[in-house]
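Add 127 to the 1-based position in the sequence shown for the working numbering, that's all there is to it.
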Amino acid sequence: MSKSDLIIRPDRRRFLLGASGLVAGASAFRFPTPAIAQGAPLKVGLMLPYSGTFGRLGQFIDNGFRLYAEQQGGKLGGRAIEFVQIDDESKPESATDNMNRLVGRDKVDIVVGTVHSGVAMAMVKVARDTNTMLVIPNAGVNEATGPLCAPHIFRTSFSNWQVCQPMGKVMFDAGHKNVATITWRYAAGQQMVDAFKEGFTAAGGKVVEDLAVPFPEVEFQALITRIATLKPDAVFAFFAGGGAVKFVRDYAAAGLSKSIPLYGAGFLTDGTLQAQGDAAEGIKTTLHYADNLDGATNKTFSEAFLKKTGKEGDIYAVQGYDAAALLDIGLKAVKGDFTARAPMVAAMRAAKIDSPRGPVSFNKGNNPVQDIYLREVRKGQNVKIGVAGKAVDDPARGCRA
Ligand code: PHB
Numbered sequence: 128m129s130k131s132d133l134i135i136r137p138d139r140r141r142f143l144l145g146a147s148g149l150v151a152g153a154s155a156f157r158f159p160t161p162a163i164a165q166g167a168p169l170k171v172g173l174m175l176p177y178s179g180t181f182g183r184l185g186q187f188i189d190n191g192f193r194l195y196a197e198q199q200g201g202k203l204g205g206r207a208i209e210f211v212q213i214d215d216e217s218k219p220e221s222a223t224d225n226m227n228r229l230v231g232r233d234k235v236d237i238v239v240g241t242v243h244s245g246v247a248m249a250m251v252k253v254a255r256d257t258n259t260m261l262v263i264p265n266a267g268v269n270e271a272t273g274p275l276c277a278p279h280i281f282r283t284s285f286s287n288w289q290v291c292q293p294m295g296k297v298m299f300d301a302g303h304k305n306v307a308t309i310t311w312r313y314a315a316g317q318q319m320v321d322a323f324k325e326g327f328t329a330a331g332g333k334v335v336e337d338l339a340v341p342f343p344e345v346e347f348q349a350l351i352t353r354i355a356t357l358k359p360d361a362v363f364a365f366f367a368g369g370g371a372v373k374f375v376r377d378y379a380a381a382g383l384s385k386s387i388p389l390y391g392a393g394f395l396t397d398g399t400l401q402a403q404g405d406a407a408e409g410i411k412t413t414l415h416y417a418d419n420l421d422g423a424t425n426k427t428f429s430e431a432f433l434k435k436t437g438k439e440g441d442i443y444a445v446q447g448y449d450a451a452a453l454l455d456i457g458l459k460a461v462k463g464d465f466t467a468r469a470p471m472v473a474a475m476r477a478a479k480i481d482s483p484r485g486p487v488s489f490n491k492g493n494n495p496v497q498d499i500y501l502r503e504v505r506k507g508q509n510v511k512i513g514v515a516g517k518a519v520d521d522p523a524r525g526c527r528a
C-alpha cells in the first residue's frame, strides 16, 4: 500500500470525529470543493467491504481497480490519483454516514463502491443529493440504474435483473418445471429471485416455494431439510462470498446435489471454488464472466492479476478493473480536468470497454450491456458452456435519463 493511502475504519473515524461529528444527513456537510488544481491528485474514495462475508469480494475489487491504475503508471486519464479507503462492512445502517464522510469530510472527487445492494442504495441517494460521481463496481440493486439513475452514477458490474432473468429459460429448457428458490432476505436476494422467476414463469415453469434466511446468516440446515421434503426438480440460489461457500458445502453434505440439481446466479461459485472444493462440481450458473473466456484481454488481465496478488482473478476483480478503465476513458476525454463534468460523463456513457468479460457498453441508465454466459463448475473452474443472453440490456425501468 502506498503512503498516500488512508485506511479509515468506521470506529476509528467515529473516534476522530467525536460525537459532534456524527450527523445523519448530507445537508450538515459542506459539499466538495470542485476546483481542484489541474494536476493535483484526484481523490478516489473506495467504499467497499474489507471484512465480513463479502470481505474477499471488496478486496478483489480494490485489487482490480489498483491493477488497472498501475498499468497506466498510477494515473487515470493522465491524472495522478490518491485513495481514501473505508470498510463499509456491508452494513446498510452505517452506509449514509460512511458516504457522507467520504464526500463531506474527506472531499473525495469520486466514490467507487460497493458490493452490497442495501449499502449501495444509501450511497446512490447521497451521490444524488451531493452531485458526487459514483461508480458501482458490484452491487446489482436495480434502482441504481433504474428509477434512481443519474448522469453521474455508473455501474461497471450488472443489475440484479440482468444476471438472473436469462436463467429462467435455461432451467426450463433443461427440463426443470418445478423449482424452489433460496437466498438471503435483502434487496439483492429478492431482486435476483424475482428476475429468475420472471424468466422462468414466462417460459412456463412453476416456482414451488421461495426460501430465505436473513443476511448475512449462514444457518441453512432447516431450509435444506425443507428442500429435501419439497423435492423440486431443481433449486435456484443466490448467495455470495463466505455465505456461498457455506451453502454449497451444506447442500452437498446433505446429499442433495445428486438428486436435486443446484443452479444460481454466478456469484454462488465465483471467487469461492477453492473453498467449495468438490461440493461445487456440476453447479450451473449465469454470469457476465467465466474463467476460460478466450479473449486476449482476459488472458492478459488474468496473468497480471495473478502476478500482482498471487491469486486467480474473478468477476469482482474484473468489475474493479473496469471501474478504473471507465474513469480512465472519462478523464482522458477531458485531459484529466475532472471539473469538466458534462463532457467527461458523456465520454463514459459512450464508452466501449474491451473488458476481460467481453465487450461492454452502457445503456441509458449507465448500466453495462453485456453477454450473460451459462457456466458449469468443472474441475474447480467456472467453464463457459453457452451464452444465456447476448448483449443483455437491463430494461432500466423507471429511469428518466
Ligand atoms: C448485492 O448485494 O448486490 C450483491 C452482493 C454480492 C454479490 C452480488 C450482488 O456477489
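All C-beta atoms, glycine included, are put in the ideal place defined by N, C-alpha and C.
Model, not experiment: these values are computed from the prediction.
As for any beta strand (DSSP E) of minimum length 3 sitting wholly inside the region 378-414, the runs are 389-392 and 411-414, ordered along the chain. Ranked by Cα distance from Q292, the first of I512, L275, M319 and A518 is M319. Relative to ligand 1, the beta carbon of N287 is positioned inside 8 Å of a heavy atom. In this structure, R312 places its C-beta atom within 9 Å of the C-beta atom of F342.
It is roughly 44 Å from the alpha-carbon of F489 to the alpha-carbon of T356. Contact annotation, A452 with I410: C-beta distance approximately 30 Å; criterion of less than 8 Å not satisfied. Annotation: S221 to D215 spans about 7 Å, alpha carbon to alpha carbon.
If you look at F489, you'll find it in the beta strand (DSSP E) that goes G485 to F489. Taken in chain order, the unbroken stretches of alpha helix (DSSP H) that lie wholly in the region 414-501 and span 4 residues or more are 423-436, 442-460 and 468-476.
Under the DSSP definition of a beta bridge, N509 partners with V504. By the CB criterion at 9 Å, A417 and I188 fall outside the cutoff.
Apart from the 5 residues on each side of it in sequence, A330 sits with its Cβ closer than 6 Å to the Cβ of G295, K296 and F299 in its chain, given in chain order. DSSP, reduced to helix, strand and coil, places A266 outside both helices and strands of the structure shown, so it counts as coil. Taking a cut-off of 8 Å for Cβ pairs, the region 233-251 and the region 178-192 touch, as three or more such pairs fall below it.
Of R527, L414 and A423, the smallest CA-CA separation from G513 is found for L414.
The three-state secondary structure of K324, taken from DSSP, is helix. Annotation for T310: the continuous beta strand (DSSP E) segment containing it runs N305 to R312. At a cut-off of 8 Å, the beta-carbon of D418 does not count as near ligand 1: no heavy atom of the ligand is closer than that.
Annotation for A207: the continuous beta strand (DSSP E) segment containing it runs R206 to D214.
Beta-carbon to beta-carbon, A431 and L194 are separated by about 6 Å, close enough to satisfy the 8 Å threshold.
In the DSSP assignment, R282 falls within the unbroken beta strand (DSSP E) covering I280 to R282. Ranked by how close their Cα comes to the Cα of P219, the residues D421, V246 and V340 have V246 in first place. Residue pairing by DSSP places M174 opposite I213 in a beta bridge. When DSSP states are grouped into helix, strand and coil, K517 belongs to the strand group.
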